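This report concerns only the one structure given below.
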Amino acid sequence: MREVNITGQMHETRAPRERAFLVGVELRQERPLLPVEDSLDELARLADTAGLEVVGQTIQRLNMPNSATYIGPGKVEEVKTLVNELDADVVIFDDELSPRHQRELEKIFGEKVKVLDRTALILDIFALHAHTREGKLQVELAQLEYRLPRLTRMWTHLARQAGGRAGGSTGGVGLRGPGETQLEVDRREIRRRISSIKAQLEGVRAHRERHRAKRQQTELQVVAIVGYTNAGKSTLLNRISGANVLSADMLFATLDPTTRKVVMPGGREVLFTDTVGFIQKLPAQIVAAFRATLEEIMDADLILHVVDATHPHVAAQIEAVEDTLAELEVDHLPCVMALNKADRLPEGLDPIEALQIDKPAVVVSALTGEGIDELLLTIEAAMVRYMSPLRVFLPYQRGDLLSLFHERGQVEDEEHQAGGIRLYGRIPQRLLPYFEPYRA
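The working numbering applies: residue 180 is where the sequence shown begins, and numbers increase by one.
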């Protein structure tokens, strides 16, 4: 929007941000990763990332959700009053609402107030931040699959135009009201679009497979960087590789995977891939839609789990990431933890000891570079540790395999003999087929 100031000059003005009111529910029979108050704080950050202004919030503790409105009737009226007083445009619930919950709440709050849940908000953020064709397709697929069962609320005005008889009957003859007709048309269109996107994503996946196969021909090992959103993954990749990956103090600042080549202390080249950040209550639609992107993790030789060591709920964030890795069935891969933001830690605090970390871990600061050299050495040692032992006799004419063993493996013993070279050492498991004919 442009305005003319008192001097007659044009200047840019920002449109006012939509005002959001947050609602959190604590179910007594459940044990969430974060207390409801802290989960709402995280929801507020998500809302800010989505460009909303949070103007208020409320919490209710329940034994179980209300079947019609999720929160109790009294709390619904309280929220309605507060929304009117605060002139809020949207009410955001910290948990996923059923289509019925959303429909009933929108009736109560009125047409001017939108009702969203955590899932819809995260999908909206992903839509804002996806830049590659694959990322945009994945987000659109997730949004359409989320919206499909919720379409009925979008056509209530048409049902009213039909005298409230959409889908009802007149004179004993079943008639389809315009609302239902339009709804069915819309559903078919969404299903058609979902099928089209899935087909396009299969094409993208096939291209990714060809790229991955070509990359594996170089036999570079891959480190997949994972972590809770805003833990500092992109900043760490920048520090390690000298790259210029977008890093910002916001949730889900980057979505599309970024891969950079890094020369390790021992001289070996390794690929580091930054992946989408995880979060507690990460919607199933996101995990499903981004499975192709997350395949970068599945094909990794090692996982680098970046942790914000200064976060008050760091243990819960670690658990949320590990739960998602288990859901992706990659929790068996070797893992090194980088406990980030050492520059902000209280003096004398050892987060590795405090969190009782039972895997290789290094305290680092992606911002200042503290601990980065030790981290790379730890990653290199872990990758060697998880290599497969191998003893081979290579003919002299297979100098390509000799170079491959030296460049990508760890040679522990080498003996030149008549007709060839006897080698013993360790190599990445995926290289074993190349050496199978020459096992000694």
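All C-beta atoms in this analysis are idealised placements derived from N, C-alpha and C, irrespective of residue type, glycine included.
If you're wondering where the values come from, they're calculated on a predicted model, not measured in any experiment.
Whole-angstrom C-beta distance between residue 569 and residue 614, which should lie under 8 angstroms: In the sequence shown, the residue the question calls residue 614 occupies position 435. In the sequence shown, the residue the question calls residue 569 occupies position 390. Confirmed, about 6 angstroms.
Closest Cα partner of residue 499 within the set 460, 283, 531, 476: Numbered from its first residue, the sequence shown carries residue 499 at position 320. Measuring from the Cα of residue 499, the nearest candidate turns out to be 460.
Local Cβ density within 10 Å of residue 528, reported as buried at 16 or more and exposed below that: Taking the sequence shown and counting its residues from 1, the one referred to as residue 528 is at position 349. Under this definition residue 528 is an exposed residue.
DSSP beta-bridge partners of residue 249: What you label residue 249 is simply residue 70 of the sequence shown in a count that begins at 1. Residue 249 is bridged to 245.
Through-space distance from residue 373 to residue 324, alpha-carbon basis: For the purposes of this step, residue 324 is taken as the residue at position 145 of the sequence shown. For the purposes of this step, residue 373 is taken as the residue at position 194 of the sequence shown. C-alpha separation (whole angstroms): 8 angstroms.
C-alpha gap between residue 553 and residue 254, whole angstroms: In the sequence shown, counting from the first residue as 1, residue 553 sits at position 374. In the sequence shown, counting from the first residue as 1, residue 254 sits at position 75. If you take the alpha carbons of residue 553 and residue 254, they lie about 53 angstroms apart.
Within 7 angstroms, strictly: CB atoms of residue 229 and residue 303: Sequence index remark: in the sequence shown, residue 229 carries index 50 (1-based). Sequence index remark: in the sequence shown, residue 303 carries index 124 (1-based). Yes.
Exposure of residue 515, with buried meaning 16 or more beta-carbon neighbours within 10 Å: Residue mapping note: residue 515 aligns to position 336 of the sequence shown, counting from 1. The residue is buried, with at least 16 neighbouring Cβ atoms inside 10 Å.
Between the CA atoms of residue 591 and residue 442 - distance to the nearest angstrom: The count along the sequence shown starts at 1 and reaches residue 442 at position 263. The count along the sequence shown starts at 1 and reaches residue 591 at position 412. If you take the alpha carbons of residue 442 and residue 591, they lie about 21 angstroms apart.
Within 7 angstroms, strictly: CB atoms of residue 385 and residue 476: One-based indexing of the sequence shown puts residue 385 at position 206. One-based indexing of the sequence shown puts residue 476 at position 297. No. Outside cutoff.
Contact the segment 542-556 vs the segment 505-514: 3+ CB pairs below 8 angstroms: no
Buried versus exposed, by CB contacts within 10 Å (16 or more), residue 522: Translated into positions along the sequence shown, residue 522 becomes position 343. It is exposed - the Cβ of residue 522 has fewer than 16 other Cβ atoms within 10 Å.
Closest residue to residue 235 among 249, 197, 207 (Cα-Cα distance): Taking the sequence shown and counting its residues from 1, one reaches residue 235 at position 56. Nearest option by C-alpha distance: 197.
Span of the beta strand (DSSP E), counted from its first residue to its last, around residue 484: To locate residue 484, count along the sequence shown from 1; it is residue 305. Taken as a continuous stretch (DSSP letters only), the beta strand (DSSP E) holding residue 484 covers 481-487.
Three-state secondary structure assigned by DSSP to residue 389: Taking the sequence shown and counting its residues from 1, the one referred to as residue 389 is at position 210. DSSP places residue 389 in helix when its eight states are reduced to three.
Separation of residue 215 from residue 353, as counted between CA atoms: Within the sequence shown, residue 353 is the residue found at index 174, counting from 1. Within the sequence shown, residue 215 is the residue found at index 36, counting from 1. Low per-residue confidence applies at residue 353: pLDDT is 39, beneath 50, and the placement is therefore not dependable, though the value from the model is reported in the following sentence. Cα-Cα distance, rounded: 48 angstroms.
Alpha helix (DSSP H) segment containing residue 492, residue limits: By 1-based counting over the sequence shown, the position of residue 492 is 313. Careful: residue 492 lies outside any alpha helix (DSSP H) and carries neither H nor E.
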